[in-house]
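Undergrad: Please read through the structure below; I'll follow up with questions.
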Amino acid sequence: MSEVSFSDTAIGLNLTETQLDEWANFYAQEDSEAENIWASAEWLHFKVADEQFILPMTALDEVSVVTLGVGLPHLPPSAIGLINLRGETILTFDLGQMLGLRGSVAPNAKQRVLLFKEQDDEEQQRTAFLIDEIVTVADFNEDQLQPLHEGDDGEQRRFIDAVTDGGDGRSISRLQVDALLRGVREIL
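Below is the structure:
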């Protein structure tokens with residue numbers, strides 16, 4: 048029997064029928080059962096500039112297509128501006144600039160914004176980060192991740208705590224969402 052594929056071009060994900068069934072089963076479970084599935088570590092794998100990153104799906108609030116926004120020239124260049132997403136005004140940052148990977152960003156069709164909500168934020172204000180491309184949603188075993196060495200420095204070091212081998216000779220860095228949100232507060 049051939050596998051049927053379901054595609055959502057809005058967020059750049061392709062799901063097989065099996066994967067779609069797994070997600071449906073996940074949402075049909077009791078909360079305690081669902082927490083055990085998240086412990087198996089599903090990660091969003093994406094690209095910024097020429098680098099690859101992962102972050103836990105549990106930290107992610109939403110993935111959206113890039114919409115036109117309003118620039119904020121009084122803020123640093125990493126603060127791209129404000130976007131309107133279904134009536135909600137969201138401050139958007141270029142993750143590539145925050146990580147020191149690029150000086151400016153050129154628009155392309157594969158770009159997405161990752162939206163996060165701070166856990167202790169009573170106002171539930173969300174923050175968006177521009178990325179270049181979603182690669183996939185994947186399982187990464189915690190044992191595959193190697194912590195960064197104390198000697199590693201640079202802007203990326205503030206936001207990354209571990210790396211893993213991407214299988215093609217390139218490393219994949221694990222981003223710390225809490226550190227990114229702290230970085231945003233420092234910018235503002």
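Our numbering puts the first residue of the sequence shown at 48, with every later residue one more than the last.
The beta-carbon is built from N, C-alpha and C at its ideal position, and this holds for glycine as well.
Excluding the 5 residues preceding and the 5 following P123 in the sequence, name in chain order all residues of the same chain whose CB lies nearer than 6 Å to its CB.
TA: By one-based count along the sequence shown, residue 123 stands at place 76. Cβ neighbours of P123 beyond the five flanking positions: I234.
Undergrad: For L222, list the residues DSSP reports as bridge partners.
TA: As a position in the sequence shown, residue 222 is number 175, starting the count at 1. I207.
Undergrad: What residue ranges within the stretch 129-156 form continuous alpha helix (DSSP H) runs of no fewer than 4 residues, ordered along the chain?
TA: 142-145
Undergrad: Given this structure, state the Cα-to-Cα distance separating A86 from R149, to the nearest angstrom.
TA: The residue labelled residue 86 in the question sits at position 39 within the sequence shown. The residue labelled residue 149 in the question sits at position 102 within the sequence shown. Because the pLDDT of A86 is 47, which lies under 50, any placement of that residue in the model is unreliable, and the number read from its coordinates should be weighed accordingly. Using only the alpha carbons, I get a separation of about 34 Å.
Undergrad: As a quick exercise: from L162, E189, A226, pick the residue whose alpha carbon is nearest that of D108.
TA: Within the sequence shown, numbered from 1, the residue matching residue 108 stands at position 61. It is L162 whose Cα lies nearest to the Cα of D108.
Undergrad: Could you tell me how far apart the beta carbons of L67 and V184 are, in whole angstroms, since I believe they sit closer than 8 Å?
TA: Indexing the sequence shown from 1 puts residue 67 at position 20. Indexing the sequence shown from 1 puts residue 184 at position 137. The Cβ separation is near 12 Å, so there is no contact.
Undergrad: At the level of alpha carbons, what is the spacing between M145 and D212?
TA: As a first step, residue 145 must be located in the sequence shown, where it is residue number 98. As a first step, residue 212 must be located in the sequence shown, where it is residue number 165. Spanning the two alpha carbons is a distance of roughly 23 Å.
Undergrad: Who does V95 pair with in a DSSP beta bridge?
TA: Numbered from 1 along the sequence shown, position 48 holds the residue referred to as residue 95. Its beta-bridge partners are E98.
Undergrad: Put R217 into one of helix, strand or coil per three-state DSSP.
TA: By 1-based counting over the sequence shown, the position of residue 217 is 170. R217 carries a coil assignment under DSSP once its states are collapsed to helix, strand and coil.
Undergrad: Can you tell me which of the three DSSP states T105 falls into?
TA: Start at 1 with the first residue of the sequence shown, and residue 105 comes out as number 58. Three-state DSSP puts T105 in a helix.
Undergrad: Can you tell me the Cα-Cα spacing of F93 and I181, whole angstroms?
TA: Taking the first residue of the sequence shown as 1, we reach residue 93 at position 46. Taking the first residue of the sequence shown as 1, we reach residue 181 at position 134. C-alpha separation (whole angstroms): 4 Å.
Undergrad: Among N188, R173, A209, F187, which has the Cα closest to the Cα of T136?
TA: The residue given as residue 136 occupies position 89 in the sequence shown. Of N188, R173, A209, F187, the smallest CA-CA separation from T136 is found for R173.
Undergrad: What are the start and end residues of the beta strand (DSSP E) that includes E189?
TA: Locating residue 189 in the sequence shown gives position 142, counting from the first residue. Taken as a continuous stretch (DSSP letters only), E189 belongs to no beta strand (DSSP E), as it is neither H nor E.
Undergrad: For Q17, count the other beta carbons within 10 Å of its own beta carbon; 16 or more makes it buried, fewer makes it exposed. Which is it?
TA: The requested residue 17 is not part of the displayed model; the chain covers only 48 to 235.
Undergrad: Apart from the five residues just before and just after Q193, which ones in its own chain have a Cβ nearer than 8 Å to its Cβ?
TA: The residue you call residue 193 lines up with position 146 of the sequence shown. Counting only Cβ-Cβ distances below 8 Å, and skipping sequence neighbours, we find A209, V210, T211.
Undergrad: Please go through the same chain and pick out, in chain order, the residues whose beta-carbon is closer than 8 Å to the beta-carbon of N118, but skip the five residues on each side of it.
TA: Looking up residue 118 in the sequence shown gives position 71. The residue you asked about is not Asn; residue 118 is Gly in the sequence shown. Same-chain partners within the cutoff: I127, G128.
Undergrad: Relative to the C-alpha of G116, which residue among A106, F140, F187, A96 is closest?
TA: Taking the first residue of the sequence shown as 1, we reach residue 116 at position 69. Answer by Cα proximity: F140.
Undergrad: Would you kindly work out how many angstroms separate the C-alpha atoms of T63 and W70, rounded to a whole number?
TA: The residue given as residue 63 occupies position 16 in the sequence shown. The residue given as residue 70 occupies position 23 in the sequence shown. If you take the alpha carbons of T63 and W70, they lie about 11 Å apart.
Undergrad: Are the CB atoms of L227 and F206 within a distance shorter than 8 Å?
TA: Residue numbering aside, residue 206 sits at position 159 when the sequence shown is read from its first letter. Residue numbering aside, residue 227 sits at position 180 when the sequence shown is read from its first letter. Yes, they are a contact pair.
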